[in-house]
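Undergrad: For reference, the structure I am asking about is given below.
Given below as structure tokens:
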């Protein structure tokens, strides 16, 4: 389990972005900051995948190097340092098509992209039980509550518009139609495990719901599950920027306010009850491996008797809030500070300080430093280079990860190629 969690960045390297919103030449900066506007072109478009490809990863508790020593994974190196609740996030997105254009003071952005997210929350007691067994909990209760998993894969069709209402105020809004392709969500996670002091019995209580829908439950693929027409949802992004002076502006963006209604190929499993079974003390991973797990599983099935149903349900996106301030140091240099927070069973804030420098009309570069809970060192950066109608960009919110991805807890990167045309009138 621990090796898998630590190696996630190699496969699908949270959703917060601290570099891209300030590379204002990039049309995709508008995904995060609806008020981002450029004076360098009138129209832009991108083609599938190469227009924008993003991956991200976040582990609140440890990195790969903390877990693996001498090519051997030892979970006991990290278990004592775990918090009561620990999170692992991973996911990404890619553009299928994106087009942005300007008309007078208005900017419009039409986009189609695929988005996938995975979020795991687990307790330190769960990690300790899985690796070291229940011996340490003899006469005690292990708390497994609030262990959660959420996995989403959906297609987003969006239309955004931003405009200057006055010389000082810019506002923007994006409406999104969401088409759910696959979902796994847990709710009502309340579980405890008590071990008799002599290990003669194990008892506890569990209230747990697992909701699933989409392609993961389909035997055959068809248009409805490939395109997500059977699971539809709506979402919106809103943003505003106010210019305090010629040099200072403040902005606020709230993204991903919305949900998906899952009704196609739904399979739900609900557990609620108390249990007691014969047990024994497991002191390490060897005891766990030698345990009669088939008997344990059969006992749990007999006691809990999970109730299955196919009721439709809603899954909510995890909104992200961005507050930022820009200071125009000189015509080609901008300093900025931002506070970002994603909302998923609580807030996870990130504070960033950065600078953006432009060189003529061909090159823009950003550098920043971010602090987030349990992760104090994140040096990010990115650049945009233009050559004729072609624009290439790369942003990374933790540059050390490019050289040693196993040394970091957090990684977020996006790269792509756009085609730009026309000069603003």
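Residue numbers (my numbering): 1 to 425. Idealized CB from N, CA, C, for every residue including glycine.
Can you give me the start and stop residues for the beta strand (DSSP E) that residue 406 sits inside?
TA: No beta strand (DSSP E) contains residue 406, which DSSP labels as neither H nor E.
Undergrad: Quick one: residues in its chain with C-beta nearer than 8 Å to the C-beta of residue 257, no 5 flanking neighbours on either side, listed in chain order?
TA: 235, 236, 237, 238, 317, 319
Undergrad: Which stretch, first to last residue, makes up the alpha helix (DSSP H) that contains residue 65?
TA: 64-67
Undergrad: Quick one: complete alpha helix (DSSP H) runs, 4+ long, within the segment 27-91?
TA: The DSSP assignment places complete alpha helix (DSSP H) segments of no fewer than 4 residues inside the segment 27-91 at 64-67, in order along the chain.
Undergrad: If you compare alpha carbons, which of 269, 231, 305, 243 is closest to residue 155?
TA: Among 269, 231, 305, 243, the Cα nearest to that of residue 155 is on 231.
Undergrad: Quick check on this structure: which residue in 111, 312, 123, 326 has the alpha carbon closest to the alpha carbon of residue 95?
TA: 111
Undergrad: Could you please give the first and the last residue of the uninterrupted alpha helix (DSSP H) stretch that includes residue 126?
TA: 124-132
Undergrad: Just to confirm the assignment, what range does the beta strand (DSSP E) spanning residue 233 have?
TA: 232-243
Undergrad: Report the rounded CA-to-CA distance for residue 101 versus residue 39, giving the unit in angstroms.
TA: 11 Å
Undergrad: If you follow the beta strand (DSSP E) that residue 392 is part of, which residue opens it and which one closes it?
TA: Here the beta strand (DSSP E) through residue 392 covers 390-396.
Undergrad: Taking C-alpha atoms, which residue in 89, 61, 260, 157 lies nearest to residue 80?
TA: 61
Undergrad: Suppose contacts are defined by Cβ-Cβ distances below 7 Å. Is residue 337 in contact with residue 22 by that definition?
TA: Their beta carbons are not under 7 Å apart, which means residue 337 does not touch residue 22 by this criterion.
Undergrad: Return the chain-ordered ranges of every beta strand (DSSP E) run that is complete within the segment 148-228 and spans a minimum of 3 residues.
TA: The qualifying runs are 148-164, 169-195, 201-214.
Undergrad: Ordered along the chain, which non-local residues of its own chain (more than five positions away) have a Cβ less than 6 Å from that of residue 397?
TA: The beta carbon of residue 397 lies closer than 6 Å to those of 18, 19, 380, 412 in the same chain, with the five residues before and after it left out.
Undergrad: Could you check which residue in 77, 140, 325 has the C-alpha nearest to that of residue 196?
TA: 140
Undergrad: Please state the DSSP three-state secondary structure of residue 336.
TA: The answer is strand: DSSP assigns residue 336 an E or B state.
Undergrad: Could you check whether residue 150 and residue 119 sit closer than 7 Å to each other, using their CB atoms as the reference points?
TA: The answer is yes: Cβ separation under 7 Å.
Undergrad: Tell me whether residue 267 is buried or exposed, calling it buried when 16 or more other Cβ atoms sit within 10 Å of its Cβ.
TA: exposed
Undergrad: For residue 247, count the other beta carbons within 10 Å of its own beta carbon; 16 or more makes it buried, fewer makes it exposed. Which is it?
TA: For residue 247, the number of other beta carbons within 10 angstroms of its own is below 16, and it is reported as exposed.
Undergrad: Between 261, 160, 205, which lies nearest to residue 172 when the distance is taken from Cα to Cα?
TA: 160
Undergrad: Inspect the beta-carbon positions of residue 314 and residue 261 and report whether they are closer than 7 Å.
TA: yes
Undergrad: If you draw a straight line from the alpha carbon of residue 132 to that of residue 126, how long is it in whole angstroms?
TA: 10 Å
Undergrad: Thinking just about the alpha-carbon of each residue, which of 373, 378, 375, 417 is nearest to the one in residue 445?
TA: Not covered by the structure: residue 445. The range shown for the chain is 1 to 425.
Undergrad: Look up residue 355 in the DSSP assignment and say whether it is helix, strand or coil.
TA: strand
Undergrad: When the Cα of residue 116 is compared with those of 97, 356, 360, 53, which residue comes out closest?
TA: 53
Undergrad: Please list the terminal residues of the continuous beta strand (DSSP E) segment that includes residue 365.
TA: 363-372
Undergrad: Please say whether residue 35 and residue 341 have beta carbons closer to each other than 7 Å?
TA: no
Undergrad: Reducing DSSP to helix, strand and coil, say where residue 312 ends up.
TA: coil
Undergrad: Apart from the five residues on each side of it in sequence, which residues of its chain come closer than 6 Å, Cβ to Cβ, to residue 259?
TA: The answer, listed in chain order, is 233, 314, 316.
Undergrad: Using a Cβ-Cβ cutoff of less than 6 Å, which residues in the same chain neighbour residue 321 once the five nearest sequence positions on both sides are dropped?
TA: 254, 341
Undergrad: Do residue 368 and residue 352 have their C-beta atoms closer together than 7 Å?
TA: yes
Undergrad: How would you call residue 510, buried or exposed, if buried means at least 16 neighbouring beta carbons within 10 angstroms?
TA: With the chain covering 1 to 425 only, the question about residue 510 has no answer from this structure.
Undergrad: Taking only the alpha-carbon atoms, compute the straight-line gap between residue 50 and residue 165 and give it to the nearest angstrom.
TA: 34 Å
Undergrad: What number of angstroms, rounded off, separates the C-alpha of residue 106 from the C-alpha of residue 162?
TA: Taking the straight line from one Cα to the other gives about 6 Å.
Undergrad: Give the single residue among 327, 89, 180 whose Cα lies nearest to the Cα of residue 245.
TA: Per the Cα distances, 327.
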